[in-house]
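A short write-up of the structure that comes next.
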C-alpha cells in the first residue's frame, strides 16, 4: 500500500462548503427512495478516501454508501479509513456491480476526467434511478500565482496529449454530447488551502499521477525542478 499511503499523505481534502452542497443534493433526492434502491450514494474513483472520509462524517449512518476504486493499493487505504456503514468495492466505471435503477446519487471527486467517455456515461445512467443525480467535483490550483504557474509549466512537460486532465475540459464535451444527462448546476467555490514548507509542496506535486509513475531517475529529476522553483520560498500556499 506504499503508493496509496504516499498519495493519501500528499493530497488535499475538500472544503466544508463543497461537502455541504453535495449533502444538500442528497437531501433533495429523498423522495426517490424506493424498495429496489441498492445504494443512496455511489462514489466512483474513491482513491484513498479523501472525499469519502469527509462526506461520511456529515451524513447519517443510515445512508447506504458504496465507495468504489479500481486500484488495490488505494483500496487498501480506503478500507482502513471509512466508517462501518460504508461498503467498498473494486470496480471500474464501465462495469458497475449494480442492477439497473438502483442508485440515487453518483459522485466523482477528482476523477471523472480519467474515464470520461460515452460508454461509461451509459453505465452510470443505467444504475441511476429516474431523477437521480451525477455530481463531479475537482480541486483546482490557482495558476495565476507565479510559482504555481512555473510548476504547472514543468508538469505539462510530462503529460502527453492522450493523458486525461481535468483542466483540458475534454470531459465537459463528453457530458454535453450525452443525451442522458443535462447540466443542473455549476459552481466555482473557494478552494481548500494547503500550507507547508518546500518539502510539503514538492510532496504534493510528487503524488500527481504523471510524476508518481516516472522511473526513480526521472522522478528525482522532476522533483529537483520543483525544488528549484521553490528555492527562495520558505512558506507556500496552494489553493
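In full-length UniProt numbering, the protein residues as written are 1 to 239. For glycine and all other residues, C-beta sits at the position ideal for the given N, C-alpha and C.
- Message: Once DSSP output is grouped into helix, strand and coil, what is the label at residue 9?
- Response: helix
- Query: Cβ atoms of residue 112 and residue 171: under 7 angstroms apart, would you say?
  - Reply: yes
- Task: Pick out whichever of 211, 77 and 104 has its Cα sitting closest to the Cα of residue 160.
- Result: 211
- Message: Can you give me the C-alpha to C-alpha distance between residue 104 and residue 130, rounded to a whole angstrom?
- Response: 8 angstroms
- So what does DSSP say about residue 130, is it helix, strand or coil? strand
- Where do the ends of the beta strand (DSSP E) carrying residue 89 lie? 86–89
- Message: Per the DSSP calculation, residue 67 is bridged to which residue(s)?
- Response: 43 and 88
- Query: Which word fits residue 65, buried or exposed, when buried means at least 16 other C-beta atoms lie within 10 angstroms of its C-beta?
  - Reply: buried
- With a threshold of 6 angstroms, establish whether the CB of residue 196 neighbours any heavy atom of the ligand ADP. Here there are no bound small molecules, and the ligand ADP is not part of this structure.
- Query: If you draw a straight line from the C-alpha of residue 21 to the C-alpha of residue 229, how long is it?
  - Reply: 36 angstroms
- Query: Of the choices 87, 201 and 62, whose alpha-carbon is the least far from that of residue 69?
  - Reply: The shortest Cα separation from residue 69 among 87, 201 and 62 belongs to 87.
- Query: DSSP state of residue 82, grouped into three classes?
  - Reply: coil
- Task: Please go through the same chain and pick out, in chain order, the residues whose beta-carbon is closer than 8 angstroms to the beta-carbon of residue 25, but skip the five residues on each side of it.
- Result: 105, 133 and 135
- Using a Cβ-Cβ cut-off of 8 angstroms (strictly less than) and excluding sequence neighbours within five positions of residue 2, which residues of its own chain qualify? Once the five neighbours on either side are set aside, the close Cβ partners of residue 2 are 73.
- Give the single residue among 204, 193, 116 and 178 whose Cα lies nearest to the Cα of residue 5. 204
- Three-way DSSP call (helix, strand, coil) for residue 103 in this model: Of the three classes helix, strand and coil, the one that applies to residue 103 here is strand, per DSSP.
- Given 8 angstroms, three or more beta-carbon pairs between the segment 26–33 and the segment 212–225: no
- Message: So, under 8 angstroms CB-CB, residue 77 and residue 56 are touching, yes? Tell me the CB distance rounded to an integer number of Å.
- Response: No, residue 77 and residue 56 are not in contact; Cβ-Cβ is about 15 angstroms, not under 8 angstroms.
- Message: Let's see if you can read the secondary structure: which residues bound the beta strand (DSSP E) around residue 184?
- Response: Run containing residue 184: none; DSSP gives neither H nor E here.
- Tell whether a beta-carbon distance below 7 angstroms holds between residue 192 and residue 117. no
- Quick one: using the 10 Å Cβ neighbour count with 16 as the cut-off for buried, is residue 85 buried or exposed? exposed
- Query: Is residue 54 near residue 14, with beta carbons less than 7 angstroms apart?
  - Reply: The answer is yes: Cβ separation under 7 angstroms.
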